[in-house]
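Inspection log for the structure reproduced underneath, given as structure tokens.
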Amino acid sequence: MEVLFQTERITCRQFESGDLQAFADYRALPDVAKYQSWSDYSFEDAQALFDKMQKSEFGTLGNWYQLAILTKESEQLLGDLAVHFIDESQIEIGFTFAPDFQGQGYASEAVIGLLTYLFSNQKPHRVIATTDCDNLPSWLLLERVGFRREAHFIENVFFKGDWGCEYQYAMLASEWRSGNRES
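Quick note on my numbering: the sequence shown kicks off at 31 and runs consecutively.
In structure tokens form, the structure reads like this:
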């Protein structure tokens, strides 16, 4: 499988069928699913997502893709990055990491690697990310790597039985080139 990018500690590539059990296992954890659109994630859910991603080439407008993040040394699955090709100028990203690999800088490293890849290869005008306002680690990461908070939506989404609030972040290609990010 083609590697999209590598950093000092991680490799990012498209998912392989051998990744799906570990992917389903961490996504099934209540703490991981808390701010995500799913509940009770199963291997069948992972397989269905994998099968859907196989039907189009990475970068196809309008589609979401999950990318596997693995340790360089052991190729252990740490988490995943989500990439949504909104249109020719905008890309939305997201990230999910297994609890054992949170708080160790892997997510920041992966997001910076992804932004480097996207701005160098896909050349969007802007990259956005949306997070639940209560998901402090997520929005702190976005700010740390140079995203700018553009919106605070109040009770804009009915989510898991309650109204939720979201922050939307963005980064322009010009902001990325100016180096406004974590080193």
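The C-beta atom is built at its ideal place from N, Cα and C for all residues, glycine as well.
Taking residue i as part of the beta strand (DSSP E), name the residues at either end of that continuous run.
i	result
Val113	107-115
Ala159	156-162
Gln51	From DSSP, Gln51 is part of no beta strand (DSSP E) but of the alpha helix (DSSP H) over 50-57.
Which partner residues does residue i have in the DSSP bridge list?
i	result
His182	Tyr197
Thr146	Looking at the DSSP assignment, Thr146 forms no beta bridge with any residue, so it has no partner.
Trp94	His114
When you compare the CB positions of residue i and residue j, do they come within less than 9 Å of one another, or not?
i	j	result
Ile121	Gln152	yes
Glu38	Lys102	yes
Pro154	Ser119	yes
Phe115	Ala203	no
Ala159	Leu170	no
Measuring CA to CA, which of the options is closest to residue i?
i	options	result
Ile99	Gly89, Thr126, Asp75, Gly92	Thr126
Leu97	Ser138, Glu105, Gly109	Gly109
Phe80	Ala54, Thr90, Gln134, Gly92	Ala54
Gln132	Asp61, Asp49, Thr160, Asp75	Asp61
Phe45	Glu87, Gln198, Asp70, Ala58	Glu87
Pro167	Leu59, Leu34, Tyr65	Tyr65
Gly194	Gln36, Ser67, Tyr56	Ser67
So, with DSSP's three-state summary, where would you put residue i?
i	result
Gln132	coil
Glu212	Here the model assigns Glu212 a pLDDT of 47, short of 50, so the residue's position is not dependable, and the following value carries that caveat. In this structure, Glu212 counts as coil in the three-state DSSP scheme.
Asp70	coil
Asp192	strand
Val187	strand
Glu122	strand
Val175	coil
Hey, could you find the ends of the alpha helix (DSSP H) residue i is sitting in?
i	result
Arg39	No alpha helix (DSSP H) contains Arg39, which DSSP labels as neither H nor E.
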